[in-house]
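Numbering that gives the first Met the number 0 puts the first residue of the sequence shown at 0, with every later residue one more than the last.
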Amino acid sequence: MNVDPGRHLHAIARLTVSIRLAVSALVLAAILLTAALSSLLWWRTAEATSRQLASTINEQIVAAVRKEVAAIVDEARAAHTAIRTLFLQNVLDTREADKREFVFLSQLQSQATISWVAFGWPDGSFFAAHKLGDRRLEMMEISLADHPGQRRVDEYDVVPGDIEFAHRRFEPTDFRVADQAWFKAGLSADDPQWFRVMDHPTGARPSIAFVGPIDVYQERQGVLAVVIEYTRLARFLSQLEVGRTGTAFIVDDGGELIAAPDKEADELHPARGDITLLPLARVALEKAGEAGRKEAWRSRLNSGGAAYEVALTPLPFPGWSLATVIPEAEFLGPVETTLRRLILGLAVGAVLAALASAMLARSVIAAPLSRVVGELRHVEAFALEQVRRHPSRLKEIASLSGAIAEMASGLSAFRKFIPADLVRALLRQGVEARPGGSIQELSVMFIDIAGFTGLSERLGDRVVPLLSRYLDITSEIIVANGGTIDKFIGDAVMAFWGAPQPQEDHAARCCRAALVCCRAIEASGLADDLGQPLQIRIGINSGRMLVGNIGSELRLNYTVIGDAVNVASRLEGANKSYGTQILMGESTERLARGAVVTREVDSIAVYGREEGLAVHELIGIVDEDAGMAGWIARYEQGLANYRARRFAVALADFEAVLAERGHDRPSELMRERCRQFAATMPDAAWQPIVALRTK
């Protein structure tokens with residue numbers, strides 16, 4: 000049989016071309032099928048995502064409103080409790096007009112959401128402080144004895160940091176507090192409770208009031224009410240973005256409107272917000288029934304040919320719910336248009352580019368980039384030791400991987416200059432690197448080396464190893480006890496507890512760290528150039544202080560500032576006067592009570608403050624130093640006698656402490672004072688407070 004080689008090769012060539020076409024057709028068919036299935040999946044996913052978007056918007060609004068309502072309720076309770084405490088403790092008498100006006104006005108100024116603070120007496124007299132928007136206040140009094148049928152009104156202008164009297168007027172009134180349901184109930188109640196209030200001396204204004212009786216020495220003085228007008232809620236709702244055309248309402252369990260968005264509403268201007276969509280909220284409330292009053296409820300409702308996403312969520316006030324109404328077309332319409340365009344572009348692009356780029360992109364680009372992204376995650380978490388360099392056939396990716404590795408190496412060099420653990424904690428909590436902070440109750444500690452100025456002058460640069468060892472010891476102890484090292488200032492160490500991670504026992508942690516630091520420095524054998532053991536002094540204080548990123552946009556420091564911080568610094572210096580090692584403020588002693596052993600040393604007025612501050616010496620841990628109770632009690636007994644001007648008795652107490660301890664600098668100081676005052680009795684204006692004139 001004869002075979003033509005040309006014809007055979009030509010057939011092979013034709014067969015090769017056919018296979019390529021078949022493979023191309025299969026790939027294209029797979030791409031088109033994938034595109035079609037993906038488009039269908041994306042379409043459904045987009046619809047679900049759009050609904051999820053509405054749900055997310057609603058959740059954000061709900062969270063904001065719940066927080067605001069809870070804050071309003073808490074502010075009303077707090078204001079009522081604060082004023083009631085002043086009455087109960089007899090600090091303020093209900094008939095003391097000047098003090099009463101000051102207290103009521105201060106509550107209005109400090110609590111942004113409170114509209115009224117009012118007080119009614121059993122004889123029918125009435126007194127109230129009333130907010131007139133954000134720029135004016137008024138005080139009013141209705142006295143049945145002095146001016147029956149008249150209302151005295153004093154108006155004040157609000158200026159930065161203060162208020163100024165504007166004018167006084169008298170006008171007729173038919174308001175009778177004795178006719179008000181809240182007053183009647185409060186006069187016969189035992190505990191404060193919430194009321195809905197409509198009638199006020201200024202007219203009808205829908206409100207809620209936290210009302211309770213005031214008893215002094217088991218005698219009912221009257222009824223105190225803290226009132227919040229609904230207009231404050233309407234103004235808050237206007238600040239929320241419920242899409243472009245959606246809105247949010249607060250309604251009660253009967254469907255009655257509590258508040259609708261109105262940015263102009265306040266105590267002077269009634270709420271006139273848009274309530275076009277309110278009927279949908281009422282329909283949802285009726286449809287949800289009892290379930291909608293107990294837990295979140297969501298539904299899709301139709302009205303006027305349009306669909307709406309309506310959600311009901313109970314609020315932290317009995318019977319109140321938040322209703323959000325968002326037109327579905329607002330978030331689905333643009334998505335549908337975008338999806339159509341995306342599907343068309345996807346189909347065309349898939350046919351043109353998928354065959355050539357899919358495998359290449361996966362093997363050459365996607366995989367290396369994923370590894371590079373993983374390294375960036377390590378940098379983001381400040382886990383610089385885990386960053387690795389990844390080679391790639393693409394020059395750009397290889398350069399990027401190398402740059403990331405070099406960046407991590409460069410950042411590692413700065414880890415000794417910044418607290419890496421603090422950086423990680425701030426990153427975990429999402430704290431942005433920009434100026435800002437919040438007021439929190441924390442504990443702060445200052446540590447200093449006694450006589451460091453002279454030591455550094457004598458040693459010169461030889462002081463560095465000694466200083467480094469001292470800073471290593473104290474830093475390790477602070478971190479081990481949960482503290483945050485703020486900064487090193489020469490030989491001074493500043494640290495605080497309670498932030499960025501909340502710590503309920505921040506005061507006790509701070510005290511334990513201080514005691515361990517003293518023991519560790521003593522056990523370390525560190526000594527000065529004269530061979531004397533290194534001595535440190537510590538000041539501790541607790542209180543409300545500003546904590547956060549303090550500084551400028553160019554440079555920030557996560558730190559604490561405030562009067563409580565300044566007091567801690569002054570207490571560290573006060574150790575020099577009293578010959579003590581650790582002094583702390585009365586707030587720290589109160590918070591750490593039961594965990595540490597302390598004694599009250601004296602009452603001092605630190606530099607920069609006029610009022611007295613009770614200062615305590617931190618002596619030890621309760622379980623470890625229980626045997627010191629005897630001489631501590633004797634010292635504090637002497638301190639009490641000293642303050643009561645019984646100087647001879649106090650002198651005997653301090654002598655007894657010295658006899659037991661041998662040497663105790665605070666007792667020696669108090670002994671000298673008692674001797675002086677016993678010889679020359681101080682005048683009647685004398686106060687048992689010592690002013691420290693140095694920082």
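C-beta: ideal position from N, C-alpha, C; glycine also.
- Task: Go through its chain and collect everything with a Cβ distance to V309's Cβ below 6 Å, but skip five positions before and after it.
- Result: L279, A283, S298, L300, V324
- Straight-line CA distance for E154 to S302? 48 Å
- Task: Report back the beta-carbon spacing between V605 and V566 to the nearest angstrom; my notes put them in contact at under 8 Å.
- Result: 6 Å
- Give the DSSP-derived three-state secondary structure of I520 in the structure shown. helix
- Message: Using only the alpha-carbon positions, how far apart do I618 and R76 sit?
- Response: 39 Å
- Which of helix, strand or coil does DSSP assign to A684? coil
- Query: Hey, how far is the Cα of T44 from the Cα of E440?
  - Reply: 47 Å
- Item | Segment limits, alpha helix (DSSP H) that includes S666 | 664-678
- In chain order, what residues of the same chain lie with their CB nearer than 6 Å to the CB of A21, ignoring the 5 residues before and after it? Low confidence applies to A21: its pLDDT is 48, below 50, so where it sits in the model is not reliable, and the reading given next is rough at best. So the list is empty, once near-sequence residues are dropped.
- Message: Rounding to the nearest angstrom, what Cα-Cα distance links R674 and V492 in this structure?
- Response: 38 Å
- Message: Does I477 come out as helix, strand or coil in the three-state DSSP assignment?
- Response: helix
- Message: At 4 residues or longer, what runs of the alpha helix (DSSP H) sit wholly inside the region 576-651?
- Response: 585-591, 628-642
- Message: Which residues does DSSP list as the beta-bridge partners of N301?
- Response: A306
- So who's on the other strand from I249, going by DSSP bridges? A258, L321
- Query: If you run the structure through DSSP and keep just helix, strand and coil, what is S124?
  - Reply: coil
- Other residues of its chain near R231: CB distance less than 6 Å, five sequence neighbours each side excluded: T112
- When we look at the beta-carbon of M139 and count the other beta-carbons within 10 Å, is it buried (16 or more) or exposed? buried
- Message: By the DSSP assignment, the alpha helix (DSSP H) with V282 in it spans what residues?
- Response: 277-287
- Rounded to the nearest angstrom, how far is the Cβ of Q580 from that of C517, given a contact under 8 Å? 6 Å
- Query: Quick one, are the C-beta atoms of R135 and V116 less than 8 Å apart?
  - Reply: no
- So the alpha helix (DSSP H) G459 belongs to, where does it begin and stop? Here G459 belongs to no alpha helix (DSSP H), and DSSP marks it neither H nor E.
- Task: Tell me whether the beta-carbon of S114 lies closer than 8 Å to the beta-carbon of L143.
- Result: no
- Query: When you compare each of N574, L131, Q108 to P159 by their alpha carbons, which one comes out closest?
  - Reply: Q108
- Please specify which runs of the alpha helix (DSSP H), each continuous and at least 4 residues long, are wholly inside the region 497-562, giving them in chain order. 505-523
- Task: For I56, name the three-state secondary structure that DSSP assigns.
- Result: helix
- Task: Give the DSSP bridge partners of V158, in chain order.
- Result: D161
- Item | With 16 other Cβ atoms within 10 Å as the buried cut-off, status of I535 | buried
- Query: Do you know offhand how far P464's Cα is from I477's?
  - Reply: 20 Å
- Query: Which of the three DSSP states, helix, strand or coil, is assigned to E228?
  - Reply: strand
- Query: Can you check whether the CB of L314 is closer than 8 Å to the CB of A247?
  - Reply: no
- Task: Classify H146 as helix, strand or coil using the three-state DSSP reduction.
- Result: coil
- Query: For W319, which of W630, G253, L525, K486 has the nearest alpha-carbon?
  - Reply: G253
- Collapsed DSSP secondary structure at V689 in the structure displayed: strand
- Task: To the nearest angstrom, report how far apart D73 and V600 are at their CA atoms.
- Result: 38 Å
- If we call anything under 8 Å between Cβ atoms a contact, is I560 one with I549? yes
- Task: Going by CA-CA distance only, name the one from R65, A651, T483 that's closest to P317.
- Result: R65
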